[in-house]
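Per this note's numbering, residue 28 is the first one in the sequence shown, and the count goes up by one each step.
Glycine is no exception: its CB is placed at the ideal position from the N, C-alpha and C atoms.
Reading through the structure tokens given below for one structure.
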Amino acid sequence: MRVMISFSILDLSQISEGGSVSDAVANSARMAQAAEAAGYHRSN
């Protein structure tokens with residue numbers, strides 16, 4: 028049996044060493060936009 032596990036792309040967000048929270052939020056937004064463009068969808 029195949030089990031699909033859902034997770035949020037935001038689970039992958041991180042603050043780089045020497046980076047700021049603002050940088051991390053901007054990077055997360057870009058990553059989410061790229062994921063949606065690649066066909067991934069938001070789950071409820």
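Expected contact under 8 angstroms - CB spacing of residue i and residue j to nearest Å
i   : j   : result
A59 : I32 : With a Cβ gap of about 19 angstroms, A59 and I32 do not count as contacting.
S55 : S40 : 4 angstroms
Cut-off 8 angstroms between Cβ atoms - residues of its own chain near residue i, not counting five sequence neighbours on either side
i   : result
V48 : I42
Cut-off 7 angstroms between Cβ atoms - residues of its own chain near residue i, not counting five sequence neighbours on either side
i   : result
A51 : S40, Q41, I42
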